[in-house]
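See below for the structure under consideration.
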Amino acid sequence: MGRKFFVGGNWKCNGTTEEVKKIVSTLNSGEVPSEDVVEVVVSPPFVFLPLVKTTLRPDFHVAAQNCWVKKGGAFTGEVSAEMLLNLDIHWVILGHSERRAILGESNEFVGDKVAYALSQGLKVIACIGETLEQREAGSTVEVVAAQTKAIAARISDWSNVVLAYEPVWAIGTGKVATPAQAQEVHYELRKWLKENVSPQVADSTRIIYGGSVNGANSKELAGQADVDGFLVGGASLKPEFIDILKSAEVKKST
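Each residue of the sequence shown is one higher than the last, beginning at 15 in this note's numbering.
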């Protein structure tokens, strides 16, 4: 299948100039697997994108945490895909559960944003995931399939999409889906892609896990057949992010 392991670091709304410089310094000095083994993308807040872009090691990439669904104009507070490309930023995170929940971004709106970002030449980390209530109701697969369907209905080329499964109940809570739980959902997502998009897209699209990933649990999670990497939150601000990157060696060995 040849899916390269992928690790994203979502810094969320954190950091000062000095703190960001320290994080970058830690990343720059870290001993990590080569680009042939793992693709690394870090996502600082908008205001630090130029700083990180110009100081981060060249084998790591930089992503924005969001972008608008249209070209620039009368959209106060938004940042367009065109602006990101102007800064030489080529990745963006879209549909994160915090934006879905807090700002009310619907499945359809996220699908529109993914389609527009791709049309402008950005690569997209598209987030999906269920709440605790939805999991307890047994509707996990139904929920993530609907979120994925809204994206699939709007795009035809998946080559620049990484699908990030992030169970909402595990984000920032310290709770982590067990490796078996993560594998089960990733398997169902890949099955959905095979049946509703194409076998080729199912085989080639990377499906990564996010939700309280850390240095201690990353290796076991990485060993699951359909887990192609991680979208890391709080731990991406800490030196243990290097340990998470090294979990790519587990996938390589399997």
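Glycine included, C-beta positions come from ideal geometry on N, C-alpha and C.
query: Closest by CA to F62, which one among G188, D50, W25 and N121?
result: Nearest option by C-alpha distance: W25.
message: Can you list, in chain order, the residues of its chain with a C-beta nearer than 8 Å to that of V93? Leave out the 5 residues immediately preceding and following it.
response: Correct list, in chain order: F60, A78, N80, C81 and W82.
- prompt: Rounded C-beta distance between G180 and S111? I'm assuming under 8 Å.
  reply: In the sequence under discussion, the amino acid at residue 180 is Glu, which differs from the Gly named in the question. Yes, they are in contact, since the Cβ atoms of E180 and S111 sit about 6 Å apart, within 8 Å.
query: According to DSSP, is T53 helix, strand or coil?
result: Correcting the residue type first, residue 53 is Glu in the shown sequence and not Thr. Here E53 carries a strand assignment [DSSP, helix/strand/coil].
field: Residues near P253 in its chain [Cβ-Cβ closer than 7 Å; skip 5 each side]
entry: Apart from sequence neighbours up to five positions away, the residues of its chain that approach P253 with a beta-carbon distance below 7 Å are T40, ordered along the chain.
query: With A159 and L108 assumed to form a contact (beta carbons below 8 Å), what rounded beta-carbon distance in angstroms separates them?
result: At roughly 18 Å, the Cβ-Cβ gap does not stay under 8 Å, so A159 and L108 are not in contact.
field: Exposure label - D50; buried when at least 16 CB within 10 Å
entry: Within a 10 Å sphere around the beta-carbon of D50 sit fewer than 16 other beta-carbons, which makes this residue exposed.
task: Below 8 Å on the Cβ atoms is my guess for V46 versus I256; work out the distance and round it to an integer in Å.
output: That pair is a contact at about 6 Å.
field: Identified DSSP bridge partners for H75
entry: BP columns for H75 point to V55.
query: G225 and G143: beta carbons closer than 9 Å?
result: In contact: G225 and G143 (Cβ atoms closer than 9 Å).
message: Alpha carbons only, please: which of D102, A167 and I116 is nearest the one belonging to Y130?
response: When each option's Cα is compared against that of Y130, the closest is A167.
query: Based on the DSSP secondary-structure assignment, which residues constitute the bridge partners of C141?
result: A178, per the DSSP bridge assignment.
- request: Work out the CA separation of S170 and K208 for me, nearest whole Å.
  value: The alpha-carbon atoms of K208 and S170 are separated by roughly 14 Å.
message: Assuming W105 is part of the beta strand (DSSP E), what are its boundary residues?
response: Taken as a continuous stretch (DSSP letters only), the beta strand (DSSP E) holding W105 covers W105 to L108.
message: Using 9 Å as the threshold, is the C-beta distance between V124 and A164 below it?
response: Yes, the Cβ-Cβ distance between V124 and A164 is below 9 Å.
query: Y223 to M97, Cα distance in whole Å?
result: Taking the straight line joining both Cα atoms gives about 28 Å.
Beta-carbon proximity list for T268, same chain, < 7 Å, skipping 5 on both sides: Short of 7 Å from the beta carbon of T268, and not among the five residues preceding or following it, lie these beta carbons of its own chain, in chain order: G237.
Backbone secondary structure at N231 - three-state DSSP: The answer is coil: DSSP assigns N231 none of H, G, I, E or B.
message: In whole angstroms, give me the CA-to-CA distance for T68 and H104.
response: Approximately 14 Å, taken between the alpha carbons.
query: Comparing the C-beta of L41 with each C-beta of chain D, is any distance below 9 Å?
result: Judged by its chain identifiers, the structure shown contains no chain D, having just a single protein chain.
- request: Quick one: give me the first and last residue of the alpha helix (DSSP H) that V124 is part of.
  value: Residues N121 to S133.
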